[in-house]
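The letter at position 133 of the sequence shown is residue 132 when you use numbering that gives the first Met the number 0, and the numbering goes up by one with no holes. The beta-carbon is built from N, C-alpha and C at its ideal position, and this holds for glycine as well.
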Amino acid sequence: MKRTTLSALGLLLLLAVLLPFARAERGRRGPSLSQTQPPVNLTHVFEGEINRKGRPVGFHARPGGKDPAGARVVRLVDRPNRQGVYTAQVAIRTRDGDWLEKRSTFYPDRMSREQVLAAILNAWRRRSTGDAEKFRGPSGEGFTIEGYYQNGRINTAYPIYQTTGR
């Protein structure tokens with residue numbers, strides 16, 4: 000009995016130590032997709048990713064102006080326009096813990112995750128025709144969204160920054 004108790008305690012201790020790391024890496028192993036039609040790569044939009052070439056991609060939304068654990072705004076490049084869309088230099092953390100930088104456009108910080116997702120789907124549904132993968136359409140919030148539809152899902156969708164505020 001003592002051996003079983005010690006084994007169970009050891010397992011619990013191991014889980015307590017490793018679980019926070021597993022949570023930190025969630026989203027870095029593969030994208031989290033919305034339960035919509037078409038699905039949207041939520042990891043790409045809300046956290047950013049490191050692509051197969053080792054480059055940082057994505058990270059376009061910060062609901063409430065808060066950075067996720069694995070990405071951060073380094074500095075503002077263009078202040079929010081009339082609709083609240085802005086551009087920033089961002090850093091996305093790799094699996095090794097390094098931070099890689101890129102420039103990104105952002106949805107207004109006032110928008111919740113649900114509002115960002117609704118705007119992306121609105122742009123998809125009302126997109127202009129043309130390229131089979133690339134699309135552009137109205138957000139329903141006063142700005143335009145551009146994105147890419149690949150393999151049956153929206154892999155990225157970002158707001159277009161315009162200084163005229165359209």
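Query                                                                                                                                              : Result
Report the option in E48, T143, I119 and R61 whose CA atom is closest to the CA atom of R81.                                                       : T143
Please state whether DSSP places H43 in a helix, a strand or coil.                                                                                 : helix
Do you know how far the Cα of A122 is from the Cα of T163?                                                                                         : 20 Å
Among the candidates R94, L32, S127 and V76, whose CA atom is the shortest distance from the CA of N50?                                            : R94
Who pairs with R51 in a beta bridge, going by DSSP?                                                                                                : Its beta-bridge partners do not exist; DSSP assigns none.
Tell me, to the nearest whole angstrom, how far the beta carbon of E100 is from that of A90; I am working on the premise that it is less than 8 Å. : 5 Å
Report yes if the C-beta distance between G29 and V44 is below 9 Å; otherwise report no.                                                           : no
Which value, in whole angstroms, describes the spacing of the CA atoms of P37 and K65?                                                             : 27 Å
DSSP beta-bridge partners for L75?                                                                                                                 : A87
Would you report the Cα separation of E145 and I159, rounded to the nearest angstrom?                                                              : 7 Å
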